[in-house]
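One structure is given below, encoded as structure tokens.
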DNA sequence: TCTAATAATGCAAACGATTGTTTTTAAAAA
DNA sequence: TTTTTAAAAACAATCGTTTGCATTATTAGA
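Protein chains in written order, with my numbering: chain A, 55 to 385; chain B, 55 to 385.
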């Protein structure tokens, strides 16, 4: 590998002169700069980030820690953040944890070992750290240095919409990793509209979301008195419920309305495009980066949690209950 | 940040002794090792990868370059490789290119700047590089230092299966980024079975795969004499075609058979689980890493391309043509 | 108890860059 | 032409580790 030293000796210059020339330092004459840059290009010099880290004390690296990259939510977050940080001259270092706290600790240590300038952490929680960090995708949205959507509000809005279009028998299905806030939003919307909560219609299961959705969908929709709407804790559950309704030959949205949560790209391409609650990914990444950079330039400060309102996206999987075949309405 | 120097002075030892103690060097007495390690832990010492890179000349970093992480194929590849490299003590540095060659050049340079020990490159091509690399997800599978599936074989197998169960009018739909090999496999299978190729049934479009599948599916399935099977260049196209058939109320698989390609996780959770050609992701990542490490330990050698056979996964979207309602068979 | 052998630790150079300070060179003023 | 000043380049220390070699401490053998 070509080093600055090599260029210096070839050009009979001092390494400091070469270093400054390459970085356009004003002290160096234009003639020398030109000569050095051209020669560096010719011999294929590539600066060594490791070597420059030491005197500078930073390497413009930022870590992103997510639980599972296969989830479209996190790969979208990565894509957004990588783009935005790239524009600022930073390199994004991605780690995944498989939702495992032991792994989380390990990747935190790796990040520290890499002396990253900052950390963006999704899903996991951490109290404090010697370096700037932001949390995203959090259960609780109070406190500091967090960016998250208002899950409670999103679910409340979704369920309110269902109630407004005439639904009363509304089920809630999700997996154990879904934030409880969504369930609370569901409960509150029912309560505020004077609908009694039926605990048998609130289903939280451990397992693969699509399977939970499919199995519980089959079960609920086979009941004699079945729900007219199913609010899903996330889109994957929604995909499973959709499949169960199609399997049972129950028409969507005429006989059952389904709402998902997250607005994954796939939802709009499903056989029946899913009504869902959109997480504004671009805003989330934008605010996360904003806060992180403020903390990086202002290390002592804490920034109050940024709460973003999710948005109800109405597609084809929901309809007013008046459209339903009357025989299916038992309530 | 705590450094080795600090530990040395606190413990009244030389930095070299501390360094060796932390790395379990045999020259150091057990007593000193214990004392150093305990103190290091107590004060929260974290080794500086940048500092140790210099004398060692390596940092155990490997780059993975993929075009688009939002595609489940690439996020699965990342997940597999991150896991396997983590076990070997390497850190995986991920870059995406958005299918853009300019971006690709940039991330190659960033990788070199990070002095990675090796590169795993998906989709993009590169002739040679001063550091070890492997290509995956490649169009052409001859040559060296590549791991890829046999796309031709996969398509040939899929289409042969359709022919074996009685289909003759088989369409092919895909987007422009799909490797041509799949189309060739489709053509060869038809040819080898004495079925004339109808160029109107071979559709390659630019755009979002699901939309291509949906729009072209609608078009093909609305024809008076419509195909009895549609072979899709990838699963996303398949998802679109599935939607179009459901929209037109054409029964799958009774009235039309659909095959995808890749076996994305979602395919088995679709309302009609998709028959598809599986890319064995684990094998691909395993071989990629094997070749990369062989090259890293044996820099001059080149390794012949590793070709992996994909596997036909039969689900619910395909059926023998004999099951089809006779009135729809015109051929 | 003294010497030899070995174990344990310290010393110092090195990795490739950056940067404050000094020296040299060139240009401007006298 | 000489002196002063500014511009350009060189010098040298430094960042936090690693590692070959020298030195010191300890143990064993005579």
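From the three backbone atoms N, C-alpha and C, an ideal C-beta is built for every residue, glycine too.
- Here residue 181 of chain A is exposed: its Cβ has fewer than 16 other Cβ atoms, across all protein chains shown, within 10 Å.
- When Cβ-Cβ separations below 7 angstroms define contact, residue 133 of chain A makes contact with chain B.
- Within the same chain, and ignoring the five residues on either side of residue 247 of chain A in sequence, the residues whose Cβ sits closer than 8 angstroms to its Cβ are 214, 217.
- Under the Cβ criterion of 7 angstroms, residue 311 of chain A is not counted among the residues facing chain B.
- Residue state for residue 291 of chain A is assigned as helix, using DSSP reduced to three classes.
- Put simply, the CB of residue 226 of chain B is far from chain A, with every gap to its CB atoms at 7 angstroms or more.
- By the beta-carbon neighbour count (other beta carbons within 10 angstroms, threshold 16), residue 255 of chain B is buried.
- At the C-beta level, residue 148 of chain A and residue 183 of chain B stay beyond 7 angstroms of one another.
- Taking a beta-carbon distance threshold of 7 angstroms, residue 300 of chain B counts as an interface residue toward chain A.
- Across the stretch 143-154 of chain B, CB contacts with chain A closer than 9 angstroms involve 145, 146, 147, 148, 149, 150, 152, in sequence order along the chain.
- Each residue's CA atom was taken as its position, placing residue 210 of chain B and residue 194 of chain B some 16 angstroms apart.
- For the 7 angstroms CB-CB criterion, residue 286 of chain A and residue 261 of chain A do not form a contact.
- Considering only beta carbons, the part of the stretch 88-110 of chain B lying closer than 7 angstroms to chain A consists of 100, 101, 102, 103, 104, 105, 107, 108, in chain order.
- Taking a 10 Å sphere around the C-beta of residue 280 of chain B, we find 16 or more other C-beta atoms and assign the residue as buried.
- Taken through DSSP and simplified to helix, strand or coil, residue 227 of chain A comes out as strand.
- Between residue 266 of chain B and residue 294 of chain B the beta-carbon gap is near 6 angstroms, inside 8 angstroms, which marks them as a contact.
- Around the C-beta of residue 229 of chain A, 16 or more other C-beta atoms lie within 10 Å, and the residue is accordingly described as buried.
- Under the Cβ criterion of 7 angstroms, residue 356 of chain A is not counted among the residues facing chain B.
- Among the CB atoms of chain B, one or more fall inside 7 angstroms of the CB of residue 123 of chain A.
- For residue 55 of chain B, the number of other beta carbons within 10 angstroms of its own is below 16, and it is reported as exposed.
- Straight across, the Cα-Cα distance linking residue 288 of chain B with residue 161 of chain B is about 27 angstroms.
- Using a Cβ distance threshold of 7 angstroms, residue 207 of chain A and residue 191 of chain A do not count as a contacting pair.
- Inter-segment contact for the stretch 114-131 of chain B and the stretch 148-158 of chain B is present: three or more beta-carbon pairs are separated by less than 8 angstroms.
- In the structure shown, the three-state DSSP call for residue 149 of chain A is strand.
- Straight-line spacing of the CA atoms in residue 338 of chain B and residue 338 of chain A works out to 34 angstroms.
- Beta-bridge partners assigned by DSSP to residue 172 of chain A: A:116.
- Residue 360 of chain B has B:201 as its beta-bridge partners, per DSSP.
- The beta carbon of residue 339 of chain B sits no closer than 7 angstroms to any beta carbon of chain A.
- When Cβ-Cβ separations below 7 angstroms define contact, residue 325 of chain B makes contact with chain A.
- Here residue 310 of chain A carries a coil assignment [DSSP, helix/strand/coil].
- Residue 64 of chain B carries a helical assignment under DSSP once its states are collapsed to helix, strand and coil.
- With respect to chain A, the C-beta atom of residue 264 of chain B has a partner C-beta closer than 7 angstroms.
- Bridge partners of residue 259 of chain A according to DSSP: A:229.
- Residue 367 of chain B carries a strand assignment under DSSP once its states are collapsed to helix, strand and coil.
- Residue 188 of chain A has A:174 as its beta-bridge partners, per DSSP.
- Chain-order list of chain B residues neighbouring residue 293 of chain A: 323, by C-beta distance under 7 angstroms.
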